[in-house]
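Visitor: Heads up, the sequence shown is in our numbering, so the first residue is -17 and it goes up one at a time. Got a structure for you, written out below as structure tokens; questions coming shortly.
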Amino acid sequence: VRGSLRDLSLSRLGKIDHALVSERFFRASLGRDLERELDNQDVVSAISLSGTAVHAGSNTRASRVQIQGIDNRFANLFDQILPELTIEGIFPSVIVNESLRKELNAQIGDAILLSFEQSDDIHRESLFGRGDDAVQTIRLTLAGVLPDRGMGRFGLFAGQTVPFNAYLSLPVLQKALGQRGRVNTLLVSGDPDTGVQEALSRVATPDDLGIVIRPEADYFAIESTQFILKSHIAETIQQVSAELNAPQMSILTYLANTTQVGERELPYSTISALDVGNLGTFQLVDGSLQLGEDDILLNTWAAEDLNARVGDEVKVAYYEVAPGEKLLTRWAPFQLKGIVAMTGLGADEKLSPELGGPFSHRPESCAPER
């Protein structure tokens, strides 16, 4: 029995020795770069998603379908012949394994609907995620059926049951996802002892890691397409800054639903937290930069709109992401410690990251102590 399970595992992996599956999309050309770095070991770029399949005629549905966007090189990992995947015509082609064909009771030439979540670096249920058009559906024509072995049983996660697999052309899936020239999976075939991780670290670019570097007038802004920089990336940036003897400023910017002073309210402001040591870069119109945990600064625009004066109580409403991805409104009280002039850092709209949704414009700002 153990031998049979081992054979099944090896069969579903073919010649694959290493697999890189990312939670975000990166350059498809990273596969070619990695291939050269590994002395031309085979590296196949693909897109792997989970979704559902529906027979367009009977509405028979299959869930937990493993959707694979592949090219002709994928078949080389299994020494099998893959029926041609077309991208031309009204409806591109799809190939399924026998298990999925049976589940849908489908025949060659039938129309199949594949549905999957639209890609986004930021979780769609979070404050900054895009909840609209979250599910994408494409109509395909069934062009071939693979037996439930080898390529037809392909899966990167162990399991004794045969997965429901659907294969379509990589460009077709990239177009549907809005990810032209990008993938989320690399499959490596060759020497299993090769230092793939080390080679990957040499060829990966900031773009592959979801890092955006923006040169400004007198500094570089480093942001994440996922809104928050991963801790290990932030630590690396700080380490490099120290080695270069370059000053650095860590900033966390969030959205304030409402900023309130007395009866006056200011909707949708950005609120930025900075290290206390960096507050000296602000120029004050009034007040002090000596902030405590419950103190806040407003720029002159916000202060004038709110008719706020130093010493006033400033209430800020914001969203907290609760279990189940629900957004709860919370309020936090602060004391206005100072009013910042609209010059220098106080007028720098780049304190807000380049994001869509609530950050597609640059609202008036608040700056609490971090």
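Ideal placement from N, C-alpha and C gives every residue a C-beta, glycine not left out. Everything numeric in this text was worked out from a predicted model, so none of it was measured.
#1: Mind reading off the beta-carbon distance from A28 to F56? Whole number of angstroms is fine, and I expect it under 8 Å.
#2: Alpha carbon to alpha carbon, what distance is there between G141 and Q317?
#3: Buried or exposed: which applies to P145, given that a residue is buried once 16 or more other Cβ atoms fall within 10 Å of its Cβ?
#4: Assess contact between the segment 69 to 83 and the segment 150 to 158, defined as three or more Cβ pairs (one per stretch) separated by less than 8 Å. Is contact present?
#5: L256 and V322 - do their beta-carbons sit closer together than 7 Å?
#6: Give me the residue from L124, I120 and S81 with the minimum Cα distance to Q89.
#7: Sorted by chain position, which residues of the same chain lie with C-beta nearer than 8 Å to L327's C-beta, five sequence neighbours on each side aside?
#8: Quick check on this structure: which residue in A284, T34, R83 and I204 has the alpha carbon closest to the alpha carbon of E247?
#9: Between R184 and I193, what straight-line distance do the alpha-carbon atoms span, to the nearest angstrom?
#10: Apart from the five residues on each side of it in sequence, which residues of its chain come closer than 8 Å, Cβ to Cβ, to S342?
#11: Taking all protein chains shown into account, do 16 or more other C-beta atoms lie within 10 angstroms of the C-beta of N166, making it buried, or fewer, making it exposed?
#12: My output table needs one value for F7: the three-state DSSP class, helix, strand or coil.
#13: In whole angstroms, what separates the C-alpha of S30 from that of Q48?
#14: I need the boundaries of the beta strand (DSSP E) containing Q317, first residue and last residue.
#15: For the alpha helix (DSSP H) that N58 lies in, which residues bound it at each end?
#16: Can you give me the start and stop residues for the alpha helix (DSSP H) that P153 sits inside?
#17: Rounded to the nearest angstrom, what separates V3 and R164 at their Cα positions?
#18: So, do the segment 18 to 26 and the segment 166 to 176 have three or more beta carbon pairs nearer to each other than 8 Å?
#19: Which ranges would you report for the beta strand (DSSP E) in the segment 61 to 105 if only whole runs of at least 3 residues count?
Guide: Put simply:
#1: What you label residue 28 is simply residue 46 of the sequence shown in a count that begins at 1. What you label residue 56 is simply residue 74 of the sequence shown in a count that begins at 1. That pair is a contact at about 6 Å.
#2: Residue 317 sits at position 335 when you count from the first residue of the sequence shown. Residue 141 sits at position 159 when you count from the first residue of the sequence shown. If I take the Cα positions, the gap works out to 57 Å.
#3: Against the sequence shown, residue 145 aligns to sequence position 163. Its Cβ being crowded by 16 or more others within 10 Å, P145 is buried.
#4: yes
#5: Here the question's residue 322 lines up with position 340 in the sequence shown. Here the question's residue 256 lines up with position 274 in the sequence shown. Their beta carbons are not under 7 Å apart, which means V322 does not touch L256 by this criterion.
#6: Here residue 89 is taken as the residue at index 107 of the sequence shown, counted from 1. Closest option to Q89, Cα to Cα, is L124.
#7: Here residue 327 corresponds to residue number 345 of the sequence shown, with the count starting at 1. Correct list, in chain order: T263, F264 and L333.
#8: Numbered from its first residue, the sequence shown carries residue 247 at position 265. Checking every option, the nearest Cα to that of E247 belongs to A284.
#9: The sequence position of residue 184 within the sequence shown is 202, counting from 1. The sequence position of residue 193 within the sequence shown is 211, counting from 1. Using only the alpha carbons, I get a separation of about 16 Å.
#10: Taking the sequence shown and counting its residues from 1, one reaches residue 342 at position 360. Because the pLDDT of S342 is 45, which lies under 50, any placement of that residue in the model is unreliable, and the number read from its coordinates should be weighed accordingly. If we look at S342 and ignore the five residues flanking it on each side, it has no Cβ neighbours.
#11: For the purposes of this step, residue 166 is taken as the residue at position 184 of the sequence shown. With 16 or more Cβ atoms within 10 Å of its Cβ, N166 is classed as buried.
#12: The residue labelled residue 7 in the question sits at position 25 within the sequence shown. Strand.
#13: Translated into the one-based positions of the sequence shown, residue 30 becomes position 48. Translated into the one-based positions of the sequence shown, residue 48 becomes position 66. Cα-Cα distance, rounded: 7 Å.
#14: Counting from one through the sequence shown, the residue named residue 317 turns up at place 335. K308 to V322 is the span of the beta strand (DSSP E), which, as asked, contains Q317.
#15: By one-based count along the sequence shown, residue 58 stands at place 76. Note, N58: alpha helix (DSSP H), R55 to N58.
#16: Locating residue 153 in the sequence shown gives position 171, counting from the first residue. L152 to L159 is the span of the alpha helix (DSSP H), which, as asked, contains P153.
#17: The count along the sequence shown starts at 1 and reaches residue 3 at position 21. The count along the sequence shown starts at 1 and reaches residue 164 at position 182. Rounded to the nearest angstrom, the two C-alpha atoms are 13 Å apart.
#18: yes
#19: 75 to 79 and 93 to 99
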